[in-house]
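One structure is given below, encoded as structure tokens.
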Amino acid sequence: MSDRLPIVDNLCRNPENHKVHLCELKLAKNTDKVAQLSENPKFVCGNCGNKANKEGALCAPGPLDV
Ligand SMILES: [Zn+2]
Ligand SMILES: [Zn+2]
């Protein structure tokens, strides 16, 4: 167990880019950006369930299909 992990809410797989993740943009109420990034969703976030066009916009991206 390490106590030196960066403090990120949940399990972000790419904390360096967390500020551009939909999860964070939603919290920041950046609705324009959120709408842009989720226009044509192909990926879903395993953390929060947000859907995005590209996996780079999610903390824990997975393919969006049922
Ligand atoms: Zn993130
Ligand atoms: Zn998320």
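Under this note's numbering, the first residue of the sequence shown carries the number -6, and numbering increases by one thereafter. Backbone N, C-alpha and C define an ideal beta-carbon position, used for all residues, glycine too.
Between the beta-carbon of residue i and the beta-carbon of residue j, is there less than 9 Å?
i, j, result
"residue 49", "residue 27", "no"
"residue 53", "residue 15", "no"
Could you give the residue range of the alpha helix (DSSP H) that holds residue i?
i, result
"residue 16", "15 to 20"
"residue 30", "24 to 30"
Starting from residue i, follow the beta strand (DSSP E) in both directions and report where the run begins and ends.
i, result
"residue 55", "54 to 56"
"residue 38", "36 to 38"
If we count the other Cβ atoms within 10 Å of its Cβ and call it buried at 16 or more, is residue i buried or exposed?
i, result
"residue 43", "buried"
"residue 18", "buried"
Next on the checklist: Give me the pocket residues for ligand 1, defined as CB within less than 5 Å of any heavy atom, sorted by chain position.
Outcome noted: Chain-ordered list of matching residues: 5, 11, 14 and 52.
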